[in-house]
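**Q** To start, I am sharing the structure in question, which I have written as structure tokens.
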Amino acid sequence: MQTTTLADILPADTASVDETMALGERLAARLGAGDVVALYGDLGAGKTHLVKGIARALDVPPETVSSPTFTIVHEYDGVVPIYHMDAYRIEHPDELYELGYEEYFYGEGLCLVEWPARVEALLPDGAIRLRLTHQGGDRRLIEWMNGGGHRGVEESKNRGQ
Ligand code: ADP
Ligand code: MG
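Structure (structure tokens):
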């Protein structure tokens, strides 16, 4: 993992979808196969658009990226495999076992997880935790939570994620 360099670009403010996607592209240069990135944030915070930017940097057309809300996981065939997970509908960890989550969390690809608080207990120790928050209008704040302790994770849980 190359997480130390995430601090070069985060925290960051974005003021549009394009800026969030561009930030995703910059993040992608600091991510690699085997990384698990947990994307905390409310509905509409921009998690999927950040994934679109990361995917674009890895040669996956961003228009093919959408929240896998019903299928739980989308796989994209990029420079490295991308596993795009949306845990919103996961009610019980058993559902992740049935999905074969080990392949995604400990596999060959880059794993990006929306609504990670739903699967918090199963996230690998080395998961990279990012938080996206609405700042009014089209502005979003994207922060790297690792290093800031677990306060942010607890806040996310309290918000019902
Ligand atoms: P999430 O996956 O967190 O629910 P999405 O990326 O699917 O969020 O959607 C974000 C929504 O917010 C989209 O409708 C997008 O047009 C809008 N939006 C407005 N400003 C931004 C921004 N700065 N970054 C990302 N999305 C933004
Ligand atoms: Mg989404």
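For the sequence shown, numbering that gives the first Met the number 0 gives the first residue as 0, with consecutive numbering after it. For glycine and all other residues, C-beta sits at the position ideal for the given N, C-alpha and C. These figures come from a predicted structure and were not determined experimentally.
Measure the alpha-carbon distance for Asp-137 versus Asp-12 and round it to whole angstroms.
**A** Taking the straight line from one Cα to the other gives about 10 Å.
**Q** Starting from Ala-11, follow its DSSP beta bridges and name the residues at the other end.
**A** DSSP, once it has assigned bridges, lists Ile-141 as partnering Ala-11.
**Q** Would you identify the three-state DSSP class for Val-112, choosing helix, strand or coil?
**A** Note: Val-112 maps to strand in three-state DSSP.
**Q** Can you tell which of Arg-88, Glu-102, Phe-104 and Trp-114 has the C-alpha that lies nearest to the C-alpha of Leu-131?
**A** For the residues Arg-88, Glu-102, Phe-104 and Trp-114, the minimum Cα distance to Leu-131 belongs to Trp-114.
**Q** Should Phe-69 be labelled buried (16 or more other beta-carbon atoms within 10 Å of its own) or exposed?
**A** Under this definition Phe-69 is an exposed residue.
**Q** Enumerated in chain order, which unbroken segments of the beta strand (DSSP E) with a length of 3 residues or greater are wholly contained in the stretch 12 to 55?
**A** Whole beta strand (DSSP E) segments, 3+ residues: 35 to 39.
**Q** Is it right to say Tyr-105 is buried, meaning 16 or more other beta carbons lie within 10 angstroms of its own, or is it exposed?
**A** It is exposed - the Cβ of Tyr-105 has fewer than 16 other Cβ atoms within 10 Å.
**Q** List the whole-angstrom C-beta distance separating Gly-40 from Lys-46, where the pair is believed to meet the contact cut-off of C-beta under 8 Å.
**A** Correct: roughly 5 Å between the Cβ atoms.
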